[in-house]
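Undergrad:
Number of protein chains: 2
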Amino acid sequence: MNFKIDKKDLYQSLNVIVNACASSNTMPILKGLKLEANKEKGIHLMGTNLEIGIENWIPAEIKKEGEIVLPAVQLKNIVRELSDEKIEFTADLEKYRAEVNCENSDFFINGFNPEEYPELPDVSIPIELEMPAGKLKRIIDEVKFSISSDQSQPVLTGILMVIENEKTRMVATNKYRLAYTKVDNENNIEEKLDVIIPGITVKELSNLLPEEGTVKIKVNDNYISFNFNDIMVVSRLIEGDFPNYEQVIPDKRKSRIIVKKDYLQSAVKRASLIARNDSNIVNLKSMDNKLVIESESSDIGSAHEEVPIQLEGENHKISIDASYLLDVLNVLEGEIYLDLIGALNPFVIRKKEKENEDYIYLIMPIRPGNQENE
Amino acid sequence: MNFKIDKKDLYQSLNVIVNACASSNTMPILKGLKLEANKEKGIHLMGTNLEIGIENWIPAEIKKEGEIVLPAVQLKNIVRELSDEKIEFTADLEKYRAEVNCENSDFFINGFNPEEYPELPDVSIPIELEMPAGKLKRIIDEVKFSISSDQSQPVLTGILMVIENEKTRMVATNKYRLAYTKVDNENNIEEKLDVIIPGITVKELSNLLPEEGTVKIKVNDNYISFNFNDIMVVSRLIEGDFPNYEQVIPDKRKSRIIVKKDYLQSAVKRASLIARNDSNIVNLKSMDNKLVIESESSDIGSAHEEVPIQLEGENHKISIDASYLLDVLNVLEGEIYLDLIGALNPFVIRKKEKENEDYIYLIMPIRPGNQENE
Numbered sequence: 001m002n003f004k005i006d007k008k009d010l011y012q013s014l015n016v017i018v019n020a021c022a023s024s025n026t027m028p029i030l031k032g033l034k035l036e037a038n039k040e041k042g043i044h045l046m047g048t049n050l051e052i053g054i055e056n057w058i059p060a061e062i063k064k065e066g067e068i069v070l071p072a073v074q075l076k077n078i079v080r081e082l083s084d085e086k087i088e089f090t091a092d093l094e095k096y097r098a099e100v101n102c103e104n105s106d107f108f109i110n111g112f113n114p115e116e117y118p119e120l121p122d123v124s125i126p127i128e129l130e131m132p133a134g135k136l137k138r139i140i141d142e143v144k145f146s147i148s149s150d151q152s153q154p155v156l157t158g159i160l161m162v163i164e165n166e167k168t169r170m171v172a173t174n175k176y177r178l179a180y181t182k183v184d185n186e187n188n189i190e191e192k193l194d195v196i197i198p199g200i201t202v203k204e205l206s207n208l209l210p211e212e213g214t215v216k217i218k219v220n221d222n223y224i225s226f227n228f229n230d231i232m233v234v235s236r237l238i239e240g241d242f243p244n245y246e247q248v249i250p251d252k253r254k255s256r257i258i259v260k261k262d263y264l265q266s267a268v269k270r271a272s273l274i275a276r277n278d279s280n281i282v283n284l285k286s287m288d289n290k291l292v293i294e295s296e297s298s299d300i301g302s303a304h305e306e307v308p309i310q311l312e313g314e315n316h317k318i319s320i321d322a323s324y325l326l327d328v329l330n331v332l333e334g335e336i337y338l339d340l341i342g343a344l345n346p347f348v349i350r351k352k353e354k355e356n357e358d359y360i361y362l363i364m365p366i367r368p369g370n371q372e373n374e
Numbered sequence: 375m376n377f378k379i380d381k382k383d384l385y386q387s388l389n390v391i392v393n394a395c396a397s398s399n400t401m402p403i404l405k406g407l408k409l410e411a412n413k414e415k416g417i418h419l420m421g422t423n424l425e426i427g428i429e430n431w432i433p434a435e436i437k438k439e440g441e442i443v444l445p446a447v448q449l450k451n452i453v454r455e456l457s458d459e460k461i462e463f464t465a466d467l468e469k470y471r472a473e474v475n476c477e478n479s480d481f482f483i484n485g486f487n488p489e490e491y492p493e494l495p496d497v498s499i500p501i502e503l504e505m506p507a508g509k510l511k512r513i514i515d516e517v518k519f520s521i522s523s524d525q526s527q528p529v530l531t532g533i534l535m536v537i538e539n540e541k542t543r544m545v546a547t548n549k550y551r552l553a554y555t556k557v558d559n560e561n562n563i564e565e566k567l568d569v570i571i572p573g574i575t576v577k578e579l580s581n582l583l584p585e586e587g588t589v590k591i592k593v594n595d596n597y598i599s600f601n602f603n604d605i606m607v608v609s610r611l612i613e614g615d616f617p618n619y620e621q622v623i624p625d626k627r628k629s630r631i632i633v634k635k636d637y638l639q640s641a642v643k644r645a646s647l648i649a650r651n652d653s654n655i656v657n658l659k660s661m662d663n664k665l666v667i668e669s670e671s672s673d674i675g676s677a678h679e680e681v682p683i684q685l686e687g688e689n690h691k692i693s694i695d696a697s698y699l700l701d702v703l704n705v706l707e708g709e710i711y712l713d714l715i716g717a718l719n720p721f722v723i724r725k726k727e728k729e730n731e732d733y734i735y736l737i738m739p740i741r742p743g744n745q746e747n748e
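In order, the protein sequence lines correspond to chains A and B.
Just so it is clear: in the first sequence, position 161 is 161 by this note's numbering, and no numbers are missing.
Just so it is clear: in the second sequence, position 368 is 742 by this note's numbering, and no numbers are missing.
(1) Under the three-state reduction of DSSP, which class applies to B:GLU748: helix, strand or coil?
(2) Between the beta-carbon of B:PRO495 and the beta-carbon of B:THR422, is there less than 7 angstroms?
(3) Starting from A:VAL202, trace the alpha helix (DSSP H) both ways and give me its first and last residue.
(4) Using the three-state DSSP reduction, which class does B:ASN484 fall into: helix, strand or coil?
(5) Find the nearest neighbour of B:VAL607 within the set B:TYR470, B:GLU564, B:LYS408 and B:VAL390, judged by alpha-carbon distance.
(6) When every heavy atom of the ligand PLP is checked, does at least one fall within less than 6 angstroms of the C-beta of A:ILE366?
(7) Run through DSSP, which three-state label would B:PHE616 get?
(8) How far does the beta strand (DSSP E) with B:ASP466 in it extend, from its first residue to its last?
(9) Between A:ILE17 and chain B, is there a C-beta pair that is closer than 7 angstroms?
(10) Output, in chain order, the set of chain A residues within a Cβ distance shorter than 8 angstroms of B:ASP662.
(11) Just checking: is the beta-carbon of B:GLU748 within a distance shorter than 7 angstroms of some beta-carbon in chain A?
(12) Check the Cβ-Cβ distances between B:ASP480 and every residue of chain A, and say whether any is below 7 angstroms.
(13) I believe A:LEU237 touches A:ILE197 by the beta-carbon criterion, under 8 angstroms. Please report the beta-carbon distance rounded to the nearest angstrom.
(14) Can you list the residues of chain B that A:ILE109 reaches, using a CB-CB cut of under 7 angstroms?
(15) Below 7 angstroms on C-beta distance, what does B:GLU490 contact in chain A?
(16) Please report how far the alpha carbon of A:ASN222 lies from the alpha carbon of A:GLN153, in whole angstroms.
(17) For B:GLU502 and A:GLN265, what's the separation of their Cα atoms in angstroms?
(18) Specify the secondary structure class of B:THR531 as computed by DSSP and reduced to three states.
(19) Can you tell me which of the three DSSP states A:VAL348 falls into?
(20) Going by the DSSP bridge assignment, what does A:PRO132 pair with across the sheet?
(21) What residues match up with A:SER297 in a beta bridge as DSSP calls it?
(22) In terms of residue numbering, what span does the alpha helix (DSSP H) encompassing A:LEU264 cover?
(23) Check whether the Cβ of B:GLN639 lies closer than 7 angstroms to any Cβ atom in chain A.
(24) Taking only beta-carbon positions, decide if B:GLU668 is within less than 7 angstroms of chain A.
(25) For a test of the three-state rule: what should DSSP assign to B:ILE740, helix, strand or coil?
(26) Taking all protein chains shown into account, do 16 or more other C-beta atoms lie within 10 angstroms of the C-beta of A:ASP288, making it buried, or fewer, making it exposed?
(27) Out of B:VAL622, B:LYS382 and B:SER520, state which residue places its alpha-carbon closest to the alpha-carbon of B:ARG454.
(28) Please check if any C-beta of chain A sits within less than 7 angstroms of the C-beta of B:ASP690.
(29) Spell out the partners DSSP gives A:ARG169 in its beta bridges.
(30) Quick check on the DSSP output: the beta strand (DSSP E) that includes B:TYR597 runs from which residue to which?
(31) For A:ASP6, which option in A:GLU88, A:MET131, A:PRO308 and A:GLU36 has the closest C-alpha, if you only look at C-alpha atoms?
(32) Where does B:PRO495 sit, in a helix, a strand or coil, going by DSSP?
(33) Looking at B:VAL589 and B:MET535, is the spacing between their C-beta atoms short of 7 angstroms?
(34) Starting from B:ARG471 and walking both ways along the beta strand (DSSP E), at which residues does that stretch end?
(35) Compare the Cα-Cα distances from B:GLU686 to each of B:LEU665, B:TYR698, B:VAL702 and B:ILE694 and report the closest residue.
(36) Cα-Cα, which of A:SER206, A:LYS351 and A:LEU329 is closest to A:TYR337?
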């Protein structure tokens with residue numbers, strides 16, 4: 001195995017692939033990535049921790065074909081520090097040992113037998129569809145912060161993605177809050193897709209997806225793959241039934257508050273500086289043309305913030321976890337709606353830009369009795 | 375107590391003072407800082423954890439004088455997030471409770487009795503001298519990385535500073551390496567100053583010292599203070615005798631290597647990517663017009679680097695801790711000298727820019743027998 005490759009190309013690719021390699025002390029070979037030189041196709045890099053896999057093709061001047069598994073993090077770090085633009089890569093395929101040569105630097109890196117490295121699953125059937133990469137990234141970002149970290153309910157540790165006819169929906173919830181988003185598909189899609197994608201995969205996708213271009217999505221019963229640029233991300237799907245989210249979303253409201261996201265965000269951020277020393281609760285109270293935001297910590301003191309609003313309907317009070325509100329304010333812009341029914345009913349945040357139901361974020365309130373300071 | 379103050383001025387000052395406040399769970403009042411409003415002098419902020427203290431004066435429109443102790447980190451975070459340029463500050467000096475008001479934000483912060491807060495020691499006698507701030511910062515940075523973290527030998531956890539006649543010297547060592555620097559004083563200084571400044575203080579000074587202006591230094595038996603801009607840093611001194619560093623510095627050499635710092639740094643950085651998986655040892659070997667740098671890790675593999683050099687004297691081999699060499703290369707520029715006597719003698723790095731003894735960095739070699747891979 002022998003090839004010459006651009007340092008930049010190789011480093012960029014390693015930087016992507018390394019995210020799919022195991023980082024903990026499981027089988028040492030899973031901390032590696034598989035590197036294959038193919039005269040027709042170029043260099044193929046692939047990493048997987050058995051949950052998620054990423055592969056990438058890059059061009060190179062290949063003199064001799066072959067494949068080897070090398071420790072991913074170490075290879076990435078070495079390539080990053082090399083001085084020159086061109087790297088010569090040679091591997092002894094019997095000893096599983098690679099030589100990386102660049103100007104006056106020579107590295108010998110111990111590898112593993114590529115035949116012992118797992119293959120990525122083939123996800124070529126039964127469903128195949130396309131979506132603009134920027135749109136997929138946006139809807140992931142709009143819901144991913146609501147994924148649960150509680151491993152005892154695996155279905156909540158992922159995002160539900162439903163693609164059906166003209167619409168794609170994404171939902172994530174940890175039972176105390178829920179984020180829901182819906183976008184139009186470019187084309188009417190005949191197959192119905194209804195899968196739960198692991199949190200680790202959606203976070204990786206959010207980092208890797210470009211703003212431009214198209215993503216090809218393929219799904220079978222157990223796996224999903226995303227293909228964009230020369231990168232393919234393959235992930236295991238989470239088995240099980242996602243909770244019926246539709247029944248949680250209120251179909252009515254008693255009041256609607258219209259508020260500038262920037263004002264609300266700054267005020268809640270400040271109030272949470274006090275709240276986070278205690279239970280992280282902020283109390284919201286509409287008073288006609290202003291929203292009062294208050295927090296209290298027995299140690300530190302208290303905060304009182306006022307934000308100008310427009311109110312439709314009656315005045316309300318509600319207590320919520322400040323971080324749940326800040327998470328959604330990070331992904332919204334301009335004016336937003338806060339919809340209220342009562343202090344014990346879900347608190348709903350929507351985008352004002354579209355009156356329809358495209359984005360819904362719901363926070364379960366904290367009962368007044370559960371607070372120390374009420 | 376009541377005053378109006380610029381948000382920016384107050385935040386900058388809090389950001390400095392907070393470094394002197396206790397961060398761990400000792401007495402809660404030590405996590406606070408003392409804030410005093412004085413109509414003639416302005417606002418005085420002071421924090422101390424009893425090891426180090428920092429104070430600062432800032433201007434404000436003071437309506438009512440007074441003093442209070444407030445939690446430092448919380449106050450800093452709140453001021454950072456405030457929206458407006460002008461902050462109104464009011465304190466109830468009987469309840470030790472402050473109100474911070476800014477536009478639509480109102481914070482009530484619980485404080486402490488300022489009479490229970492420690493005073494900074496008075497360091498007005500017996501020695502007082504001046505030094506350019508930029509020069510003090512430079513010599514601290516040239517030696518501070520050699521300070522020991524081993525608390526069982528307290529004198530090595532600080533920098534020895536000796537000011538005598540026309541010279542100021544600084545030395546730090548952890549027994550396995552030593553950094554020594556010497557600069558000319560602006561004026562001949564009559565008093566001899568010979569103190570050990572704690573590592574925590576020199577690191578704080580390095581962050582705070584400006585490039586321009588003058589530092590006033592005052593010392594007594596137990597404390598040292600540094601005065602620059604409107605900031606004063608006061609620190610306890612470390613008691614005890616610093617080891618006799620002069621006897622460790624070799625007065626001869628068998629070979630001198632002249633090498634470009636940048637080349638050596640890049641090569642050692644790369645070799646250390648392998649070395650750090652093992653004992654962090656790199657082997658240096660001069661071969662007439664090149665320096666070969668090698669490292670090996672039984673797991674990962676090996677690195678071989680070559681750097682062009684000029685050699686005066688015979689060829690040598692030596693094994694050292696890669697991080698010790700990288701630390702000094704971070705603070706040197708241009709061409710440097712590597713002076714060698716033998717594989718078991720100290721390895722000495724000097725600046726080429728001045729042939730004199732102004733900067734000496736010494737690394738104790740690792741005996742070949744202590745290496746796995748030799």
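Idealized CB from N, CA, C, for every residue including glycine.
TA: Working from what's here:
(1) As a working mapping, residue 748 of chain B is identified with position 374 in the second sequence. Residue placement at B:GLU748 is flagged as unreliable, the pLDDT there being 35, under the threshold of 50; the coordinate-derived value follows with that caveat. In the structure shown, B:GLU748 sits in coil (DSSP, three-state: anything other than H, G, I, E or B).
(2) Locating residue 495 of chain B in the second sequence gives position 121, counting from the first residue. Locating residue 422 of chain B in the second sequence gives position 48, counting from the first residue. No, they are not a contact pair.
(3) Here residue 202 of chain A refers to the residue found at position 202 of the first sequence. Note, A:VAL202: alpha helix (DSSP H), 199-208.
(4) Translated into the one-based positions of the second sequence, residue 484 of chain B becomes position 110. In the structure shown, B:ASN484 sits in a strand (DSSP, three-state: E or B).
(5) For the purposes of this step, residue 607 of chain B is identified with residue 233 of the second sequence, where counting begins at 1. If we check each option's Cα against that of B:VAL607, B:VAL390 comes out closest.
(6) Of ligands this structure carries none, so the ligand PLP is not represented either.
(7) One-based indexing of the second sequence puts residue 616 of chain B at position 242. Note: B:PHE616 maps to coil in three-state DSSP.
(8) Stepping through the second sequence from its first residue, residue 466 of chain B is reached at position 92. 460-466 is the extent of the beta strand (DSSP E) around B:ASP466.
(9) As a first step, residue 17 of chain A must be located in the first sequence, where it is residue number 17. False, the Cβ-Cβ gap to chain B never drops below 7 angstroms.
(10) As a position in the second sequence, residue 662 of chain B is number 288, starting the count at 1. What B:ASP662 touches in chain A: nothing, since even the nearest Cβ is about 15 angstroms away.
(11) On the second sequence, residue 748 of chain B is found 374 positions in, with the first residue counted as 1. In this prediction, B:GLU748 has a pLDDT of 35, which is less than 50 and means its spatial position is unreliable; nothing more can be read from the coordinates.
(12) Position 106 of the second sequence, counting from 1, holds the residue named residue 480 of chain B. Judged by the 7 angstroms Cβ criterion, B:ASP480 is in contact with chain A.
(13) Locating residue 237 of chain A in the first sequence gives position 237, counting from the first residue. Locating residue 197 of chain A in the first sequence gives position 197, counting from the first residue. With a Cβ gap of about 7 angstroms, A:LEU237 and A:ILE197 count as contacting.
(14) Working through the first sequence from its first residue, we reach residue 109 of chain A at position 109. Those are ILE674 and GLY675, listed as they occur along chain B.
(15) Locating residue 490 of chain B in the second sequence gives position 116, where the first residue counts as 1. Chain A residues near B:GLU490: none, gap ~17 angstroms exceeds 7 angstroms.
(16) On the first sequence, residue 222 of chain A is found 222 positions in, with the first residue counted as 1. On the first sequence, residue 153 of chain A is found 153 positions in, with the first residue counted as 1. Rounded to whole angstroms, A:ASN222 to A:GLN153 spans 18 angstroms at the Cα level.
(17) Translated into the one-based positions of the second sequence, residue 502 of chain B becomes position 128. Translated into the one-based positions of the first sequence, residue 265 of chain A becomes position 265. In a straight line, the C-alpha of B:GLU502 is about 51 angstroms away from that of A:GLN265.
(18) On the second sequence, position 157 is the one that residue 531 of chain B refers to. Looking at B:THR531 - three-state DSSP - the assignment turns out to be helix.
(19) In the first sequence, residue 348 of chain A corresponds to position 348, counting from 1. Note: A:VAL348 maps to strand in three-state DSSP.
(20) One-based indexing of the first sequence puts residue 132 of chain A at position 132. According to DSSP, which records beta bridges pairwise, A:PRO132 is partnered with A:THR214.
(21) Taking the first residue of the first sequence as 1, we reach residue 297 of chain A at position 297. Answer is A:GLY301.
(22) What you label residue 264 of chain A is simply residue 264 of the first sequence in a count that begins at 1. That run of the alpha helix (DSSP H) goes 261-275.
(23) Reading the second sequence from its first residue, position 265 is the one you call residue 639 of chain B. Output row for B:GLN639: interface = no.
(24) Taking the first residue of the second sequence as 1, we reach residue 668 of chain B at position 294. B:GLU668 does not count as touching chain A.
(25) Your numbering for residue 740 of chain B matches position 366 in the second sequence. Three-state result, B:ILE740: coil.
(26) Within the first sequence, numbered from 1, the residue matching residue 288 of chain A stands at position 288. So A:ASP288 counts as exposed.
(27) Mapped onto the second sequence, residue 454 of chain B falls at position 80. Considering only alpha carbons, the answer is B:LYS382.
(28) Within the second sequence, numbered from 1, the residue matching residue 690 of chain B stands at position 316. Just to set this straight, residue 690 of chain B is His in the shown sequence, not Asp. Chain A contact via Cβ: absent.
(29) Translated into positions along the first sequence, residue 169 of chain A becomes position 169. The partner list for A:ARG169 (beta bridge, DSSP) reads A:VAL162 and A:LYS182.
(30) Sequence index remark: in the second sequence, residue 597 of chain B carries index 223 (1-based). From DSSP, the beta strand (DSSP E) with B:TYR597 extends over 597-602.
(31) Indexing the first sequence from 1 puts residue 6 of chain A at position 6. Closest option to A:ASP6, Cα to Cα, is A:GLU88.
(32) For the purposes of this step, residue 495 of chain B is identified with residue 121 of the second sequence, where counting begins at 1. B:PRO495 falls in the coil class under three-state DSSP.
(33) Here residue 535 of chain B refers to the residue found at position 161 when the second sequence is read from its first residue. Here residue 589 of chain B refers to the residue found at position 215 when the second sequence is read from its first residue. No, Cβ-Cβ distance for B:MET535 and B:VAL589 is not below 7 angstroms.
(34) Locating residue 471 of chain B in the second sequence gives position 97, counting from the first residue. Start and end: 471-476.
(35) Locating residue 686 of chain B in the second sequence gives position 312, where the first residue counts as 1. Closest option to B:GLU686, Cα to Cα, is B:LEU665.
(36) Taking the first residue of the first sequence as position 1, residue 337 of chain A is located at position 337. Among A:SER206, A:LYS351 and A:LEU329, the Cα nearest to that of A:TYR337 is on A:LYS351.
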